[in-house]
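Trainee: The structure that follows is given in the form of structure tokens.
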Amino acid sequence: FGALVFLGCPWRAYLRLAGGDWNAVFGILGLIAGIGIGIVFLRTGFSLGRNHPAPKALGWVMPAIMVTLLALLIVAPQFGRDASGNPVGPIFFSEKGPGSQHAPLIISLVVGLFVGFLAQRSRFCTVGAIRDMMLLRDSHLLKGVLALIAAAFITNLILGQFNPGFANQPVAHTNALWNFGGMVLAGLAFTLAGGCPGRQLFLAGEGDGDAAVFVVGMIVGAGFAHNFSIASSPSGVSAFGPVTVMIGLVICIIIGLTMREVKA
Numbered sequence: 003f004g005a006l007v008f009l010g011c012p013w014r015a016y017l018r019l020a021g022g023d024w025n026a027v028f029g030i031l032g033l034i035a036g037i038g039i040g041i042v043f044l045r046t047g048f049s050l051g052r053n054h055p056a057p058k059a060l061g062w063v064m065p066a067i068m069v070t071l072l073a074l075l076i077v078a079p080q081f082g083r084d085a086s087g088n089p090v091g092p093i094f095f096s097e098k099g100p101g102s103q104h105a106p107l108i109i110s111l112v113v114g115l116f117v118g119f120l121a122q123r124s125r126f127c128t129v130g131a132i133r134d135m136m137l138l139r140d141s142h143l144l145k146g147v148l149a150l151i152a153a154a155f156i157t158n159l160i161l162g163q164f165n166p167g168f169a170n171q172p173v174a175h176t177n178a179l180w181n182f183g184g185m186v187l188a189g190l191a192f193t194l195a196g197g198c199p200g201r202q203l204f205l206a207g208e209g210d211g212d213a214a215v216f217v218v219g220m221i222v223g224a225g226f227a228h229n230f231s232i233a234s235s236p237s238g239v240s241a242f243g244p245v246t247v248m249i250g251l252v253i254c255i256i257i258g259l260t261m262r263e264v265k266a
């Protein structure tokens, strides 16, 4: 919910900054603040429990779902026609907005596989980078984030897409308070969960069942946010966005206070 109030996950916050969107500065500051709050809970014993081996079949569930969705995208089966005579299928395509602005399928697959390989091997995590720097003074992951920003910045310059300023940024609003507040919630939630959305996707691909549940939660949460007027839009913060962020912060704080390892 917090990310959709800001209009972007941590990855997009950094990419927006690289494109000259100064609204992203407030989001990144909020992300750092949320991670800082999460670190307080980590230092006081917060834990979601130890990892346990699980049946191999469990690890294949999320990859199998993703492969099935890819197959449906490629085959594009039709289940009939609606009242207007338009074909109806299990896969729907956005005709406008961010969902309609995507690269061709083959390019998406090639780049996705390449980025996924690099991220898996390097343990890339936009939240873990800040967490490790603040908690352990380890800059290994932070170097990856800085490289991401630098590469995106250079690419934007080459393509003439660097547009510095606050107004008229793509899929962004200028409400600094809730850009900050939304990402405080996101940073706190992702820290308690153990990684940013991208990292959870990579872990789910490795067979991590907990990460797979996290991914399902993101999908369901995004559906709720868009269908119940929680997500922001370029015109501004939605009616229920701020109160949802505050409720989310309270819930995360309660989780942080109660999910602690008790030493015998």
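When the letters of the sequence shown are read in order and numbered with this note's numbering, they come out as residues 3 to 266. Just so it is clear, CB atoms sit at the ideal spot from N, CA and C, and this is done for glycine as well. What you are looking at is a predicted structure, and each value in this text was computed from that prediction instead of being measured.
1) Might you give, ordered along the chain, the residues of its own chain that have their beta carbon closer than 7 Å to the beta carbon of Ala-214, omitting 5 neighbours on each side?
2) Pick out whichever of Asp-210, Gly-114 and Leu-144 has its Cα sitting closest to the Cα of Leu-72.
3) Would you be able to state if there are at least three C-beta pairs under 8 Å between the region 19-26 and the region 221-238?
4) For Ser-234, does the three-state DSSP call read helix, strand or coil?
5) Restricting to Cα atoms, I'd like to know which of Phe-168, Leu-144, Ala-188 and Ala-152 is closest to Gly-250.
6) Pull up the distance between the alpha-carbon of Arg-86 and that of Gln-80, whole angstroms please.
7) When we look at the beta-carbon of Val-143 and count the other beta-carbons within 10 Å, is it buried (16 or more) or exposed?
8) Can you tell me whether Asp-84 is buried or exposed? The criterion is at least 16 other CB atoms within 10 Å of its CB, across all chains shown.
9) Rounding to the nearest angstrom, what Cα-Cα distance links Cys-127 and Leu-150 in this structure?
10) Starting from Ser-124, follow the alpha helix (DSSP H) in both directions and report where the run begins and ends.
11) Can Phe-28 and Met-185 be called in contact, C-beta distance under 9 Å?
12) Give me the Cα-Cα distance between Phe-155 and Asn-165, rounded to the nearest whole angstrom.
13) Is the number of C-beta pairs between the region 166-175 and the region 41-55 that are closer than 8 Å three or more?
14) Is Asp-23 helix, strand or coil by DSSP?
15) Using the rule of at least 16 other Cβ atoms within 10 Å of the residue's Cβ for burial, across every protein chain shown, is Asn-88 buried or exposed?
16) Can you tell me the Cα-Cα spacing of Ala-56 and Gly-200, whole angstroms?
17) Under 9 Å between C-beta atoms, does Ser-240 make it to chain C?
18) Measure the alpha-carbon distance for Gly-197 versus Ile-67 and round it to whole angstroms.
Mentor: With the structure as the only source:
1) On the sequence shown, position 212 is the one that residue 214 refers to. Residues of the same chain with a CB within less than 7 Å of the CB of Ala-214, apart from the 5 flanking positions on each side, are Val-63, Met-64 and Ala-206 in chain order.
2) Taking the first residue of the sequence shown as 1, we reach residue 72 at position 70. Nearest neighbour of Leu-72 by Cα position, chosen from Asp-210, Gly-114 and Leu-144, turns out to be Gly-114.
3) Flag = no, the region 221-238 and the region 19-26 do not touch.
4) Taking the sequence shown and counting its residues from 1, one reaches residue 234 at position 232. Looking at Ser-234 - three-state DSSP - the assignment turns out to be coil, as it is neither helix nor strand.
5) Numbered from 1 along the sequence shown, position 248 holds the residue referred to as residue 250. The shortest C-alpha separation from Gly-250 is found at Ala-188.
6) Within the sequence shown, the letter at position 84 stands for residue 86. Within the sequence shown, the letter at position 78 stands for residue 80. The amino acid at residue 86 is misidentified as Arg; the sequence shows Ser. Each residue's Cα considered, the two are about 15 Å apart.
7) Locating residue 143 in the sequence shown gives position 141, where the first residue counts as 1. The identity of residue 143 in the sequence shown is Leu, whereas the question assumes Val. That one is buried.
8) Here residue 84 corresponds to residue number 82 of the sequence shown, with the count starting at 1. Looking at its Cβ environment, which holds fewer than 16 other Cβ atoms inside 10 Å, Asp-84 is exposed.
9) On the sequence shown, residue 127 is found 125 positions in, with the first residue counted as 1. On the sequence shown, residue 150 is found 148 positions in, with the first residue counted as 1. In a straight line, the C-alpha of Cys-127 is about 11 Å away from that of Leu-150.
10) Position 122 of the sequence shown, counting from 1, holds the residue named residue 124. Boundaries of the alpha helix (DSSP H) harbouring Ser-124: 107-124, taken from the DSSP string.
11) Here the question's residue 28 lines up with position 26 in the sequence shown. Here the question's residue 185 lines up with position 183 in the sequence shown. Taking 9 Å as the cut-off, the beta carbon of Phe-28 is found closer than this to the beta carbon of Met-185.
12) For this step, residue 155 is matched to residue 153 along the sequence shown. For this step, residue 165 is matched to residue 163 along the sequence shown. Spanning the two alpha carbons is a distance of roughly 11 Å.
13) In short, these stretches do not touch, since the Cβ pair count stays below three.
14) For the purposes of this step, residue 23 is taken as residue 21 along the sequence shown, with counting starting at 1. Three-state result, Asp-23: strand.
15) Against the sequence shown, residue 88 aligns to sequence position 86. Counting other Cβ atoms within 10 Å of its Cβ, Asn-88 stays below 16 and is therefore classed as exposed.
16) Position 54 of the sequence shown holds residue 56. Position 198 of the sequence shown holds residue 200. Ala-56 and Gly-200 have their C-alpha atoms roughly 22 Å apart.
17) The structure shown contains no chain C, having only a single protein chain.
18) Walking along the sequence shown from the start, residue 197 turns up at place 195. Walking along the sequence shown from the start, residue 67 turns up at place 65. Each residue's Cα considered, the two are about 22 Å apart.
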